[in-house]
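Down below is the structure, laid out as structure tokens.
Below is the structure:
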């Protein structure tokens, strides 16, 4: 463990437990609906309650007793708690974003080129487009085809943005 803080073990144990559940679901080849049901079941909730209780306890403890790594990890988990566990709400969501991270890695290596975007807003827009294109590619679909359908929907007045996401665009009623 890089920071050497033994208090991180309880967090790692619970997170590893959540990943073990996911590997079990993969082995059993259960449906997305069944995966959602199991994720919202008692074993997952116990791990989350344990994580949350330990997180709150550690956040209240003395700062000087924590390594800088531990402090950073605790603050990150606290700040992004809801986002970190969004996957529980839908069986289609993976537990981690490793695939997405690998897909956008080529773009992150080109950060120096962000000076050419002209502004922070330009860089943010480019990041959104890269994220969308990577998501579409991960689904084995054409980025051009998706963007064509997306902008056609927008130009035709569709405001049901959820139906315009890469996984739902073919189901959109407002094309």
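Residue numbers (the numbering used here): 615 to 789. Beta carbons: idealized from backbone N, C-alpha and C, even for Gly. Predicted model only: the values in this text are computed from it and were never measured.
| Query | Result |
| --- | --- |
| If we call anything under 8 Å between Cβ atoms a contact, is residue 767 one with residue 778? | yes |
| Would you say the region 635 to 649 touches the region 686 to 699, given that touching needs at least three Cβ pairs under 8 Å? | no |
| Given this structure, state the Cα-to-Cα distance separating residue 752 from residue 627, to the nearest angstrom. | 30 Å |
| Please report the straight-line C-alpha distance between residue 770 and residue 743, rounded to a whole angstrom. | 20 Å |
| Under a three-way DSSP split, which group does residue 696 fall into? | helix |
| Let me make sure I understand the geometry here. Which of 624, 685, 764 has the alpha-carbon closest to that of residue 668? | 624 |
| Given residue 639, which residues of its chain have a CB within under 6 Å of its CB, disregarding the five upstream and five downstream residues? | 649 |
| Once you ignore the five residues that flank residue 701 on each side, which residues in its own chain have a CB closer than 6 Å to its CB? | 707, 709 |
| Distance, Cα to Cα, residue 773 vs residue 748? | 23 Å |
| Candidates 684, 662, 663: which alpha carbon is nearest residue 672's? | 684 |
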